[in-house]
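Undergrad:
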Amino acid sequence: MSLQAPPDAGSVVAEISDRDLVLQFESLGDNCELGLVQRALGTEPLGLFRFAGAPLAHFLRGLNARFEDIAAPKHVRIQAEHGEYMVKLTKYDYIYHAFIAEGAVDPKALQRQQTKVVQFLADKFMADLAAPEKILVFRQNEPLLAADLVDLRQALGRYGGNPTLLWIQEARHGHPPGSVDIIDQTLMTGYVSRLALRESVPDFDLASWLSVLRRAWSMWPARQAPAGVEPGAPLPLQPLAQPLAAQRVDVVFGKEGNATAYMGEGWSGGEDGFTWSIDDRSLLTFDTPPDASEYWLEMDVVPYVYPPALARQVLTIAVNGTEVRTFDPVPRTVIGCVIPGDRVRGRAKLVITLEHMRAARPIDVAGEDDQRRLAIAFRGLSLMAGLGG
5 MSLQAPPDAG SVVAEISDRD LVLQFESLGD NCELGLVQRA LGTEPLGLFR
55 FAGAPLAHFL RGLNARFEDI AAPKHVRIQA EHGEYMVKLT KYDYIYHAFI
105 AEGAVDPKAL QRQQTKVVQF LADKFMADLA APEKILVFRQ NEPLLAADLV
155 DLRQALGRYG GNPTLLWIQE ARHGHPPGSV DIIDQTLMTG YVSRLALRES
205 VPDFDLASWL SVLRRAWSMW PARQAPAGVE PGAPLPLQPL AQPLAAQRVD
255 VVFGKEGNAT AYMGEGWSGG EDGFTWSIDD RSLLTFDTPP DASEYWLEMD
305 VVPYVYPPAL ARQVLTIAVN GTEVRTFDPV PRTVIGCVIP GDRVRGRAKL
355 VITLEHMRAA RPIDVAGEDD QRRLAIAFRG LSLMAGLGG
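Mapping of the sequence shown onto our numbering: residues 5 to 393, in sequence order.
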């Protein structure tokens, strides 16, 4: 197997502990995923939106009003939810955790205390926007409209400090977990393996979050130069003890591809630009890749469907006998998933089993003269070691 590193594999990352690293970022709300990442590293930085549920439209409303009356007593409400007290800021419709069990304190006393805390945090947040020293982090599960992104950047810029925004997204084709792109001087995009669901925020992927934050911090265009370095000059970055593992293997299917070297059972002959997986399962076997905490598997696929007789295909991916992801239905596009490092480490080979139990014969569902049980056509596949190493 020939492994080739992508162009940025030789990048170096400034040396900084994980604990200090997470303190260089501040959440803009939506949910408390970044706040929990910081807590996992034993840090508890102050932040108005660190544990807040603040949808973008509500966040912008407060930002544009300079959070006027956000801490007025009539706009600070204490409410019990799931056995703990929550603080509702009704002026702009934000809500956040007080992290106090229901009944542990007098709600009226908590309300008086929180009015002071909220005003302090609001003033601090606005001052930080005017003289930014941290990267601001935005994420949301729903797709972000281009106009929303423009509105957010404009609202942040009105405070005069031109803060840098790191927009966290879910990994996808061309953007594996741990990767970061610089869009311009005040906007970066970072990709984690998954965004935590709203109903289960503690289920976040710490490893890919730390990879993104470390790369974003090292690449931050606006980061101030240390003593002895002229502003605007290249920053001296020191390599980590372990270099980033960012190697990959690419498989091309079809008559002209290299896929036959990896194929086991469950494949038809190569055609022009693709190869059909057939019957109930297909196997691919690779040499064990370089050690990493996780790997990113990406596949360019076209499911065999013929509505209404065959409306969808289902694909379950197992690595060395352990299931890692199911796609139901399989879309006609590039799909990807994370492979945990412990599914690979110490194994002589990396065996990928693709289960597709809805394979069907075209002669049965479409009346075509083809008796193969077709499931999914594969065009390409890439296996990449996680950028976090």
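Ideal Cβ placement from N, Cα and C applies to all residues, glycine included.
Scan the segment 111-152 and note each continuous alpha helix (DSSP H) run of 4 residues or more that stays entirely inside, going in chain order.
TA: Runs found: 111-134.
Undergrad: Check whether the segment 329-346 and the segment 258-275 are in contact - that is, three or more C-beta pairs closer than 8 Å.
TA: Counting Cβ pairs under 8 Å, fewer than three are found: no touch.
Undergrad: Would you kindly work out how many angstroms separate the C-alpha atoms of W300 and A389, rounded to a whole number?
TA: For the purposes of this step, residue 300 is taken as residue 296 along the sequence shown, with counting starting at 1. For the purposes of this step, residue 389 is taken as residue 385 along the sequence shown, with counting starting at 1. In a straight line, the C-alpha of W300 is about 6 Å away from that of A389.
Undergrad: Spatial neighbours of L170 within its chain, please: C-beta separation below 6 Å, excluding the five flanking residues on both sides.
TA: By one-based count along the sequence shown, residue 170 stands at place 166. These residues qualify, in order along the chain: I139, V141, M192, G194, A220.
Undergrad: Is T2 helix, strand or coil when you go by DSSP?
TA: No answer is possible for residue 2: it lies beyond the span of the chain, which begins at 5 and ends at 393.
Undergrad: Suppose the cutoff is 6 Å on Cβ atoms and the five residues either side in sequence are ignored; what does the same chain contact list for T337 look like?
TA: Here residue 337 refers to the residue found at position 333 when the sequence shown is read from its first residue. Same-chain partners within the cutoff: there are none.
Undergrad: Going straight from the alpha carbon of R457 to that of G182, what length do you get?
TA: Residue numbering for the chain in the displayed model covers 5 to 393; residue 457 lies beyond these limits and cannot be assessed.
Undergrad: Rounded to a whole number of angstroms, what is the C-alpha to C-alpha distance between I282 and R362?
TA: The residue you call residue 282 lines up with position 278 of the sequence shown. The residue you call residue 362 lines up with position 358 of the sequence shown. Going by the C-alpha atoms only, they are around 10 Å apart.
Undergrad: Compare the C-alpha of V4 against each of S386, R202, R176, L52 and name the closest.
TA: No answer is possible for residue 4: it lies beyond the span of the chain, which begins at 5 and ends at 393.
Undergrad: How many angstroms separate the CA atom of Y89 from the CA atom of A211?
TA: On the sequence shown, residue 89 is found 85 positions in, with the first residue counted as 1. On the sequence shown, residue 211 is found 207 positions in, with the first residue counted as 1. Distance between the alpha carbons of Y89 and A211: 30 Å.
Undergrad: For A313 and R365, what's the separation of their Cα atoms in angstroms?
TA: Numbered from its first residue, the sequence shown carries residue 313 at position 309. Numbered from its first residue, the sequence shown carries residue 365 at position 361. If you take the alpha carbons of A313 and R365, they lie about 11 Å apart.
Undergrad: From A76 to Q115, what distance separates their C-alpha atoms?
TA: Walking along the sequence shown from the start, residue 76 turns up at place 72. Walking along the sequence shown from the start, residue 115 turns up at place 111. A76 and Q115: Cα-Cα distance of roughly 11 Å.
Undergrad: Please list, in chain order, all residues of the same chain as H177 whose beta carbon is under 7 Å from its beta carbon, the five residues on each side excluded.
TA: Reading the sequence shown from its first residue, position 173 is the one you call residue 177. E302, V338, G340.
Undergrad: Tell me where the beta strand (DSSP E) around M223 begins and ends.
TA: On the sequence shown, residue 223 is found 219 positions in, with the first residue counted as 1. That residue, M223, is in no beta strand (DSSP E); its alpha helix (DSSP H) goes 210-223.
Undergrad: If the criterion is Cβ atoms closer than 9 Å, does the pair E30 and G46 meet it?
TA: Locating residue 30 in the sequence shown gives position 26, where the first residue counts as 1. Locating residue 46 in the sequence shown gives position 42, where the first residue counts as 1. Their beta carbons are not under 9 Å apart, which means E30 does not touch G46 by this criterion.
Undergrad: Closest by CA to Y163, which one among N68, V334, V91?
TA: Within the sequence shown, the letter at position 159 stands for residue 163. For the residues N68, V334, V91, the minimum Cα distance to Y163 belongs to N68.
Undergrad: Please return the same chain residues whose Cβ sits closer than 8 Å to the Cβ of F278, not counting the five positions on each side in sequence.
TA: Sequence index remark: in the sequence shown, residue 278 carries index 274 (1-based). Correct list, in chain order: F257, G258, V306, A381, F382, R383.
Undergrad: Quick one: is P167 buried, meaning 16 or more other Cβ sit within 10 Å of its Cβ, or exposed?
TA: Position 163 of the sequence shown, counted from the start, is the residue given in the question as residue 167. Burial call: buried.
Undergrad: Do you know how far the Cα of I74 is from the Cα of K120?
TA: As a working mapping, residue 120 is identified with position 116 in the sequence shown. As a working mapping, residue 74 is identified with position 70 in the sequence shown. Cα to Cα, the separation comes out at about 11 Å.
Undergrad: Could you check whether L60 and L125 sit closer than 9 Å to each other, using their CB atoms as the reference points?
TA: Taking the sequence shown and counting its residues from 1, one reaches residue 125 at position 121. Taking the sequence shown and counting its residues from 1, one reaches residue 60 at position 56. Contact flag unset, no.
Undergrad: Excluding the five sequence neighbours on either side, which residues of its own chain have a C-beta within less than 7 Å of the C-beta of H62, listed in chain order?
TA: Counting from 1 along the sequence shown, the entry for residue 62 is found at position 58. Closer than 7 Å at the Cβ level, and outside the excluded window around H62, lie Y96, D97, Y98.
Undergrad: Distance, Cα to Cα, A44 vs R377?
TA: In the sequence shown, counting from the first residue as 1, residue 44 sits at position 40. In the sequence shown, counting from the first residue as 1, residue 377 sits at position 373. A44 and R377: Cα-Cα distance of roughly 48 Å.
Undergrad: Any idea if V2 is buried or exposed, counting beta-carbon neighbours within 10 angstroms, 16 or more meaning buried?
TA: This structure gives no information on residue 2, because the portion of the chain shown stretches from 5 to 393.
Undergrad: Looking at the unbroken beta strand (DSSP E) that takes in G384, where does it start and where does it end?
TA: On the sequence shown, residue 384 is found 380 positions in, with the first residue counted as 1. Unbroken beta strand (DSSP E) run through G384: 378-389.
Undergrad: Tell whether a beta-carbon distance below 9 Å holds between E359 and L319.
TA: As a first step, residue 359 must be located in the sequence shown, where it is residue number 355. As a first step, residue 319 must be located in the sequence shown, where it is residue number 315. Cβ atoms of E359 and L319: closer than 9 Å.
Undergrad: Since G161 contacts P136 with CB under 8 Å, what's their CB separation in whole angstroms?
TA: Within the sequence shown, numbered from 1, the residue matching residue 161 stands at position 157. Within the sequence shown, numbered from 1, the residue matching residue 136 stands at position 132. Contact flag wrong, Cβ pair sits at about 11 Å.
Undergrad: Might you give, ordered along the chain, the residues of its own chain that have their beta carbon closer than 7 Å to the beta carbon of F401, omitting 5 neighbours on each side?
TA: Not covered by the structure: residue 401. The range shown for the chain is 5 to 393.
Undergrad: Please look up how many angstroms separate the CB atoms of N35 and V205, rounded, as I've assumed it's under 8 Å.
TA: Numbered from its first residue, the sequence shown carries residue 35 at position 31. Numbered from its first residue, the sequence shown carries residue 205 at position 201. Indeed they touch by this definition, with Cβ atoms about 5 Å apart.
Undergrad: I'd like to know whether the C-beta atoms of P225 and Q173 end up nearer to each other than 9 Å.
TA: What you label residue 225 is simply residue 221 of the sequence shown in a count that begins at 1. What you label residue 173 is simply residue 169 of the sequence shown in a count that begins at 1. No, these two residues do not count as a Cβ contact at 9 Å.
Undergrad: Looking only at its chain, what residues have a beta carbon closer than 7 Å to the beta carbon of R351, apart from the 5 residues adjacent to it on each side?
TA: Taking the first residue of the sequence shown as position 1, residue 351 is located at position 347. For R351, where only same-chain residues beyond five positions count, the Cβ hits under 7 Å are T292, N324.
Undergrad: Run through DSSP, which three-state label would K78 get?
TA: For the purposes of this step, residue 78 is taken as residue 74 along the sequence shown, with counting starting at 1. K78: helix per DSSP, three-state reduction.
Undergrad: Anyone know if the C-beta pair for V80 and V122 falls short of 9 Å?
TA: Residue numbering aside, residue 80 sits at position 76 when the sequence shown is read from its first letter. Residue numbering aside, residue 122 sits at position 118 when the sequence shown is read from its first letter. A contact, by the Cβ cut-off of 9 Å.
Undergrad: Can the beta-carbon of F129 be found closer than 9 Å to that of Y100?
TA: Position 125 of the sequence shown, counted from the first residue, corresponds to residue 129. Position 96 of the sequence shown, counted from the first residue, corresponds to residue 100. It is not a contact, given that the beta carbons lie outside the stated cut-off.
Undergrad: Counting only beta-carbon separations shorter than 9 Å, does L210 have a partner in chain C?
TA: Here there is only one protein chain, and chain C is not present.
Undergrad: I need the DSSP call for A322, collapsed to helix, strand or coil.
TA: On the sequence shown, position 318 is the one that residue 322 refers to. Strand at A322.
Undergrad: What is the DSSP secondary structure of F63, counted as helix, strand or coil?
TA: If you number the sequence shown from 1, residue 63 lands on position 59. Helix.
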